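In mature numbering (1 follows the signal peptide of the UniProt record, and there is no 0), the protein residues as written are -19 to -1, 1 to 189. In this text, a Cβ means the ideal position worked out from N, Cα and C, and glycines have one as well. As the structure is a prediction and not an experimental result, all values here were calculated from the model. What follows is a set of notes on a single structure, which appears directly below.
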Amino acid sequence: MPSLKSFSLLLASALLAGAAPPLNGRSETGSLKAASWPTFQQCEGRETVIAKAANDAQILGKATKDYVASLKGPTPRYTTWFGNFTLARHATALNIYSTIHTNDYLGYTYICDCDLPGLPEDVVAYVYPYQHGMVHLCPEFFRRNTTGKNTQAGSILHEATHFSDNGATEDWVSGTDNSLKLAIDDPDKAINNAANYKYFAENVPFLN
Ligand SMILES: [Zn+2]
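Given below as structure tokens:
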């Protein structure tokens, strides 16, 4: 991965040149596309951090989609986060990971507010499912990891699955333990739970 600084320079120069930044996972077709840069609201000084997370989310989402597409049956990684393997639930997961990957996270709008009354302090981000591509980022987002588990990129994937056009997932439960338990107890809910999509994508600790 390029450093944050080189990443921002790369994007800035790509933006000026009007050409696609040569980043992994964002040039599948090989054709030149106009470079994306998010729209920001109230995010002064945090634009590069968010753009880096958006780019990381694109790469993470692509790898995850490819992994799910390759599955022919249960694997430790699948059953850990989505429970008992069925063709129907696997199809749901594949559909959601495939659909979110058609989104360009660098083309999203990021709104650095957290103005919902009564919103708990540990909320990382939120969306209105019908406001496609608009992600509200809370202060906790900026305390998330950049690699490994509970990442900023994972949070963007989590939010992306909520959009009605993507997967319309719910927040049945949150946190590692609850998500692991949901996979065992109620795989039909786990396959519709945003946190399970995030943890499955991050895959920490690593499972095959
Ligand atoms: Zn959520």
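Excluding sequence positions up to five before and after Asp103, its CB lies within less than 8 Å of the CB of Glu121, all in the same chain and listed in chain order.
Judged by beta-carbon spacing, Phe144 lies beyond the 7 Å limit of Tyr91, meaning their Cβ atoms are not closer than that value. Residue selection by CB proximity (closer than 6 Å to any heavy atom of ligand 1) returns His139, His143, Asp152 and Ala175 in chain order. Taking a C-beta distance under 7 Å as the contact criterion, Ser155 and Ala176 qualify as a contact pair. Runs of the beta strand (DSSP E) lying entirely within the segment 56 to 134, each at least 3 residues long, are 90 to 92 and 115 to 118 in chain order.
By the C-beta criterion, the segment 37 to 47 is judged to be in contact with the segment 120 to 140, since at least 3 inter-stretch pairs fall below 8 Å.
In terms of Cα proximity to Val30, the closest of Pro55, Arg58, Gly114 and Leu87 is Leu87.
In this model, Phe66 and Asn189 are separated by some 15 Å (Cα to Cα). In this structure Glu25 is exposed. Its beta-carbon is surrounded by fewer than 16 other beta-carbon atoms within 10 angstroms. Going by DSSP, Phe21 is part of the beta strand (DSSP E) stretching over Thr20 to Gln22. Asn174 carries a strand assignment under DSSP once its states are collapsed to helix, strand and coil.
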